[in-house]
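Q:
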Amino acid sequence: MGISSFAENSNFAELAIFSFHPVKHIASGEGGMITTNDEALYRRLLQLRTHGIVKDNDLYTNSIEFAGGKDEYPSWYMEMQTLGYNYRITDFQAALGNSQLQRADEGVERRRAIAKTYQDAFTGKPYLKGQSGSVEGHAYHLYVLEVEDRLGLYDFLRTKRIFAQIHYIPCHLMPYYRQFGWKEGDRPHAETYYQHCISLPMYPTLTDEEQQYVINCVNEYYQK
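Structure below.
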């Protein structure tokens, strides 16, 4: 998230979607959150998160008689009006996410400090094709380098017990999208990026010593 305030993000568009995946800035184990300033969309989302079910007398479409009532709908009645799923977050996850929300700014500040250290260490290195760099408001969910011989560096770092990641495989080349005719060459910039990208460790509890070890190992691989 590039803007520090949830309120600002929430009003950026009709819908704002937040991920609470374990590696994100605010985590609740899994799941996410959608905010909206549109009442109709809000009602629709309530349905979708609970199997498409409505439990509101004013919204029912079947008759009171069908529902089994006389003058009003019985309290047990509900209607499935659209296809939905179980997207309800647990109370435990909500409490965990709320506690992490209180420390959101602290986490972002640390990530920015880590990013600056990486940037200072790698700027001007001839074996680096590119890097995340410094962007105003950047929250640094990831810190990505574009390098030559990505596979070699990836394997070398694993021998040093550094578990770098690759983010991301181009969507249009996933088998699901290939069936619709997408192929190599359709999105050349994304494909070139994928051939070179590697994400270095980036999380608030990464210590200065651990980060320096990562930097040293990257330099060691290309300078050997």
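Numbering-wise, the sequence shown is residues 1247 to 1470 according to our numbering.
All C-beta atoms in this analysis are idealised placements derived from N, C-alpha and C, irrespective of residue type, glycine included.
What residue range is occupied by the uninterrupted alpha helix (DSSP H) comprising K1375?
A: Your numbering for residue 1375 matches position 129 in the sequence shown. Here K1375 belongs to no alpha helix (DSSP H); instead the beta strand (DSSP E) covers 1374 to 1377.
Q: Between the beta-carbon of S1445 and the beta-carbon of H1413, is there less than 8 Å?
A: Here residue 1445 refers to the residue found at position 199 when the sequence shown is read from its first residue. Here residue 1413 refers to the residue found at position 167 when the sequence shown is read from its first residue. In this structure, H1413 lies closer than 8 Å to S1445 by Cβ.
Q: With DSSP run on the structure shown, which of helix, strand or coil describes V1460?
A: Position 214 of the sequence shown holds residue 1460. If DSSP states are grouped into helix, strand and coil, V1460 belongs with the helices.
Q: Between P1268 and G1275, is the Cβ-Cβ spacing less than 8 Å?
A: Working through the sequence shown from its first residue, we reach residue 1268 at position 22. Working through the sequence shown from its first residue, we reach residue 1275 at position 29. Closer than 8 Å, so yes.
Q: What's the gap between the Cα of Q1425 and the Cα of R1433?
A: Numbered from 1 along the sequence shown, position 179 holds the residue referred to as residue 1425. Numbered from 1 along the sequence shown, position 187 holds the residue referred to as residue 1433. Straight-line Cα distance between these residues: approximately 16 Å.
Q: Excluding sequence positions up to five away, which residues of its chain have a Cβ less than 6 Å from the Cβ of I1263?
A: Here residue 1263 refers to the residue found at position 17 of the sequence shown. Correct list, in chain order: I1280.
Q: If A1385 and H1271 are in contact, beta carbons under 8 Å, what's the gap, nearest whole angstrom?
A: For the purposes of this step, residue 1385 is taken as the residue at position 139 of the sequence shown. For the purposes of this step, residue 1271 is taken as the residue at position 25 of the sequence shown. Their Cβ separation, rounded to whole angstroms, is 6 Å, which keeps A1385 and H1271 in contact under 8 Å.
Q: On a CA-only basis, which of E1355, G1431, Y1459, M1324 is nearest D1302? Give me that one, please.
A: In the sequence shown, residue 1302 corresponds to position 56, counting from 1. Among E1355, G1431, Y1459, M1324, the Cα nearest to that of D1302 belongs to M1324.
Q: Leaving out five residues before and five after M1448 in sequence, what residues of the same chain have Cβ atoms less than 7 Å from its Cβ?
A: The residue you call residue 1448 lines up with position 202 of the sequence shown. Hits under 7 Å: R1357, I1360, Y1386, L1388, Y1389.
Q: May I have the straight-line CA-CA distance separating A1259 from I1299, to the nearest angstrom?
A: On the sequence shown, residue 1259 is found 13 positions in, with the first residue counted as 1. On the sequence shown, residue 1299 is found 53 positions in, with the first residue counted as 1. Using only the alpha carbons, I get a separation of about 26 Å.
Q: With which residues is V1393 paired in a DSSP beta bridge?
A: Counting from one through the sequence shown, the residue named residue 1393 turns up at place 147. Looking at the DSSP assignment, V1393 forms a beta bridge with L1374.
Q: Report yes if the C-beta distance between F1402 and Y1459 is below 8 Å; otherwise report no.
A: Locating residue 1402 in the sequence shown gives position 156, where the first residue counts as 1. Locating residue 1459 in the sequence shown gives position 213, where the first residue counts as 1. No, the Cβ-Cβ distance between F1402 and Y1459 is not below 8 Å.
Q: Measure the alpha-carbon distance for Q1293 versus Y1306 and round it to whole angstroms.
A: The residue given as residue 1293 occupies position 47 in the sequence shown. The residue given as residue 1306 occupies position 60 in the sequence shown. For Q1293 and Y1306, the distance between alpha carbons rounds to 13 Å.
Q: Would you tell me roughly how many angstroms separate the C-alpha atoms of Y1422 and H1435, rounded to the nearest one?
A: For the purposes of this step, residue 1422 is taken as the residue at position 176 of the sequence shown. For the purposes of this step, residue 1435 is taken as the residue at position 189 of the sequence shown. Taking the straight line from one Cα to the other gives about 20 Å.
Q: Measuring alpha carbon to alpha carbon, tell me which of T1451, L1452, L1397 ends up nearest H1442.
A: Along the sequence shown, one-based indexing puts residue 1442 at 196. Ranking T1451, L1452, L1397 by Cα distance to H1442 puts L1397 first.
Q: Please look up how many angstroms separate the CB atoms of Y1364 and E1394, rounded, as I've assumed it's under 8 Å.
A: Reading the sequence shown from its first residue, position 118 is the one you call residue 1364. Reading the sequence shown from its first residue, position 148 is the one you call residue 1394. Wrong, their Cβ atoms sit about 18 Å apart, outside the cutoff.
Q: H1297 to A1341, Cα distance in whole Å?
A: Within the sequence shown, the letter at position 51 stands for residue 1297. Within the sequence shown, the letter at position 95 stands for residue 1341. Cα to Cα, the separation comes out at about 23 Å.
Q: Please identify the residue among K1470, V1381, I1335, K1429 whose C-alpha is closest to the C-alpha of S1265.
A: Numbered from its first residue, the sequence shown carries residue 1265 at position 19. Among K1470, V1381, I1335, K1429, the Cα nearest to that of S1265 belongs to I1335.
Q: For L1452, which residues from the same chain have a beta carbon less than 7 Å from its beta carbon, with the 5 sequence-adjacent residues on both sides left out?
A: Taking the sequence shown and counting its residues from 1, one reaches residue 1452 at position 206. Closer than 7 Å at Cβ, skipping near neighbours: I1360.
Q: With a 10 Å radius around its C-beta and 16 neighbouring C-beta atoms as the bar for buried, classify G1248 as buried or exposed.
A: The count along the sequence shown starts at 1 and reaches residue 1248 at position 2. Residue placement at G1248 is poorly supported in this model, since its pLDDT is 42, which falls under 50; the coordinates are not used for a value here.
Q: Identify which residue in E1430, T1405, S1345 has its Cα closest to the Cα of I1415.
A: By 1-based counting over the sequence shown, the position of residue 1415 is 169. Ranking the options by Cα distance to I1415, first place goes to E1430.
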